[in-house]
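Residue numbers (our numbering): 24 to 625.
Just so it is clear, CB atoms sit at the ideal spot from N, CA and C, and this is done for glycine as well.
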């Protein structure tokens with residue numbers, strides 16, 4: 024290991040205080056800020072010609088678009104491939120773990136790093152070739168978190184299919200949304216001149232449908248005729264009511280097997296005007312359609328239905344067979360209701376890498392998610408082997424997404440802090456709470472903070488609920504969901520409050536205040552390839568995440584790391600959760616770190 028430390032620091036008494044458990048709701052400022060996808064189009068007149076760009080962002084597009092990477096990422100190092108091991112033994116690594124993070128000024132991340140490279144074999148500490156190679160890892164198939172809300176009643180499915188025969192698509196031959204390449208080395212923005220025309224027309228159709236007018240060319244494209252029969256109605260879950268459509272009704276399959284469509288109702292919020300409703304629907308739909316990557320939830324159509332209560336808009340998407348990641352992690356029962364007592368670090372590593380890939384892909388195309396959280400990450404099973412399967416994670420719910428760069432811009436446009444924070448409070452970055460009228464911040468950096476929070480929460484859930492220790496079976500209710508004996512979130516907020524004693528600002532959450540006081544402070548030297556540690560980390564929640572022990576806090580804090588990745592995991596977590604945005608680790612940097620280049624994802 025190569026380190027430079029500015030001084031020694033004793034670890035404080037062990038503490039693992041955390042905030043309350045439970046999924047969180049999103050918030051969004053009512054003030055106008057950096058435009059979401061749909062808000063950009065709303066500033067244009069609805070005609071055939073592209074209006075002046077000054078109406079959008081007061082910047083004129085050039086005759087020829089020149090797109091640059093807004094956030095330089097890291098060069099692809101030599102790579103190799105190995106699967107993580109089961110249990111507590113150290114996994115075979117792709118390369119020597121040296122706690123080195125690659126040069127920030129190098130080229131972008133490439134998915135090719137997941138493949139085997141002969142040039143990397145000499146640097147490996149172990150030979151992972153031949154018969155010694157470990158098998159591909161699988162994850163436990165858990166109870167489908169929304170399956171309890173399914174209904175097979177004849178009346179419910181009949182009503183759903185009657186509605187499907189009168190739900191019409193707003194898309195057509197003259198209104199197509201072209202997806203991007205799936206590769207990571209493309210940087211086109213979701214907004215260009217062609218898409219502006221499409222957005223204008225789509226918004227016009229949405230506004231007309233909200234007033235009760237169905238375009239004539241849409242009336243013969245019903246939900247029923249395009250996608251098939253509604254077989255199930257899910258009455259509760261991460262999205263509320265969802266209809267499940269089976270395009271191949273002749274062959275009845277298990278819901279876990281996939282191949283189904285989900286119809287998600289895009290409910291109008293209370294007191295939401297028609298233009299705002301249309302803007303929000305477009306924002307979510309366009310992002311999901313153009314971003315074509317296996318770690319992005321795929322939307323395929325936008326439907327409208329005139330009910331007695333008014334216009335109902337629904338998005339047709341692929342059904343994720345495992346629900347959302349929050350409920351996946353807090354469901355401590357397999358699909359056969361067997362208790363789950365252990366989750367390996369390699370499983371969480373796999374999840375972190377997949378989420379980072381999806382986020383990096385979004386950022387490459389000038390889109391910030393702005394509400395990245397466990398509840399907005401969907402779980403999809405594939406390649407079943409008994410009660411285990413490979414898992415693909417997909418980023419979903421783009422209702423808060425913001426365009427940070429158009430095709431005629433070369434740099435990210437910053438977001439004014441006076442517009443208020445966006446997203447869910449436990450995942451918000453510290454800079455979102457600043458009230459300075461002259462301060463603006465990067466929404467991409469905000470997403471990177473949320474990525475760090477997600478990684479921290481997942482490892483924390485694993486240590487507290489699934490350590491695989493004797494007599495430590497996770498406490499669950501009658502449905503198999505984890506009970507709130509140990510909270511999930513490490514802190515509930517990063518906002519400040521005014522101290523009644525000093526009159527100064529201080530974090531209102533005690534756990535976050537402790538993190539700021541005890542976090543690791545370090546720089547990365549690109550010339551010496553060293554972490555320059557200015558202050559050693561002493562925040563026990565992070566320091567103890569990857570250590571062995573007999574179960575007590577004392578034995579864990581004095582234990583050793585389970586594997587060689589423990590140290591670099593901690594370093595990367597601290598760097599993702601850097602309160603200073605300019606020095607915060609990005610998704611691309613994380614993907615090229617020694618941590619994730621040593622991880623095989625599903």
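Beta carbon of residue i nearer than 9 Å to that of residue j
{"i": "residue 301", "j": "residue 220", "result": "no"}
{"i": "residue 247", "j": "residue 270", "result": "no"}
{"i": "residue 416", "j": "residue 337", "result": "no"}
{"i": "residue 424", "j": "residue 478", "result": "no"}
{"i": "residue 343", "j": "residue 419", "result": "yes"}
{"i": "residue 348", "j": "residue 483", "result": "no"}
{"i": "residue 389", "j": "residue 435", "result": "yes"}
{"i": "residue 254", "j": "residue 334", "result": "no"}
{"i": "residue 401", "j": "residue 463", "result": "no"}
{"i": "residue 160", "j": "residue 369", "result": "yes"}
{"i": "residue 447", "j": "residue 396", "result": "yes"}
{"i": "residue 451", "j": "residue 517", "result": "yes"}
{"i": "residue 187", "j": "residue 252", "result": "yes"}
{"i": "residue 393", "j": "residue 468", "result": "no"}
{"i": "residue 327", "j": "residue 232", "result": "yes"}
Member of the options whose CA lies at the smallest distance from the CA of residue i
{"i": "residue 421", "options": "287, 570 and 182", "result": "287"}
{"i": "residue 202", "options": "269, 178 and 316", "result": "316"}
{"i": "residue 553", "options": "322, 444 and 591", "result": "591"}
{"i": "residue 314", "options": "204, 254, 415 and 543", "result": "204"}
{"i": "residue 359", "options": "166, 599, 607 and 585", "result": "166"}
{"i": "residue 539", "options": "49, 419, 514 and 370", "result": "514"}
{"i": "residue 224", "options": "199, 206 and 349", "result": "199"}
{"i": "residue 487", "options": "299, 352 and 178", "result": "352"}
{"i": "residue 457", "options": "438, 326 and 432", "result": "438"}
{"i": "residue 228", "options": "304, 361 and 292", "result": "304"}
{"i": "residue 191", "options": "210, 467 and 244", "result": "244"}
{"i": "residue 324", "options": "216, 533 and 310", "result": "310"}
{"i": "residue 340", "options": "267, 406 and 369", "result": "267"}
{"i": "residue 366", "options": "561, 533 and 489", "result": "489"}
For residue i: DSSP bridge partner residues
{"i": "residue 179", "result": "DSSP output for residue 179 lists no bridge partner at all."}
{"i": "residue 403", "result": "415"}
{"i": "residue 596", "result": "Partner(s): none; residue 596 has no beta bridge."}
{"i": "residue 330", "result": "333"}
{"i": "residue 357", "result": "165"}
{"i": "residue 319", "result": "418"}
{"i": "residue 438", "result": "464"}
First through last residue of the beta strand (DSSP E) which encompasses residue i
{"i": "residue 519", "result": "519–521"}
{"i": "residue 460", "result": "Element bounds for residue 460: n/a, residue is neither H nor E."}
{"i": "residue 530", "result": "528–530"}
{"i": "residue 285", "result": "284–289"}
{"i": "residue 335", "result": "333–341"}
{"i": "residue 255", "result": "252–257"}
{"i": "residue 192", "result": "190–192"}
Close beta carbons around residue i, own chain, < 7 Å, minus the five adjacent residues each side
{"i": "residue 163", "result": "357, 363, 410 and 411"}
{"i": "residue 618", "result": "588, 591, 592 and 595"}
{"i": "residue 610", "result": "379, 382, 383, 386, 471 and 474"}
{"i": "residue 459", "result": "440"}
{"i": "residue 262", "result": "Because residue 262 sits at a pLDDT of 49, beneath the cut-off of 50, its placement in the model cannot be relied upon, and the point is left open."}
{"i": "residue 71", "result": "Note that residue 71 scores a pLDDT of 36, beneath 50, so its modelled location is shaky; the value from the coordinates is reported in the next line. Around residue 71: no qualifying Cβ."}
{"i": "residue 406", "result": "412 and 413"}
Contacting residues, own chain, Cβ-Cβ under 8 Å from residue i (five flanking each side not counted)
{"i": "residue 583", "result": "570 and 571"}
{"i": "residue 528", "result": "519, 520, 521 and 522"}
{"i": "residue 318", "result": "377, 378, 380, 381, 384, 415, 416, 417 and 418"}
{"i": "residue 264", "result": "256, 257, 258 and 288"}
{"i": "residue 86", "result": "Its pLDDT being 46, under 50, residue 86 is placed unreliably by the model, and nothing is read from it."}
Opening and closing residue of the alpha helix (DSSP H) in which residue i lies
{"i": "residue 1", "result": "Any property of residue 1 remains undetermined from this structure, which presents the chain solely from 24 to 625."}
{"i": "residue 265", "result": "Premise fails: residue 265 lies in the beta strand (DSSP E), 265–269, not in any alpha helix (DSSP H)."}
{"i": "residue 557", "result": "Not the alpha helix (DSSP H): residue 557 falls in the beta strand (DSSP E), residues 553–558."}
{"i": "residue 375", "result": "368–387"}
{"i": "residue 350", "result": "348–352"}
{"i": "residue 540", "result": "533–541"}
{"i": "residue 428", "result": "Residue 428 -> no alpha helix (DSSP H), and no H or E assigned at all."}
{"i": "residue 563", "result": "563–566"}
{"i": "residue 451", "result": "Per DSSP, residue 451 belongs to no alpha helix (DSSP H) and is neither H nor E."}
{"i": "residue 611", "result": "610–614"}
{"i": "residue 298", "result": "297–313"}
Nonlocal neighbours in the same chain, by C-beta distance under 6 Å from residue i, ignoring five residues either side
{"i": "residue 622", "result": "372 and 376"}
{"i": "residue 546", "result": "555"}
{"i": "residue 156", "result": "Caution applies to residue 156, whose pLDDT of 37 falls short of 50 and renders its modelled position unreliable; the model cannot decide the point."}
{"i": "residue 565", "result": "593 and 596"}
{"i": "residue 215", "result": "430"}
{"i": "residue 602", "result": "453"}
{"i": "residue 558", "result": "544"}
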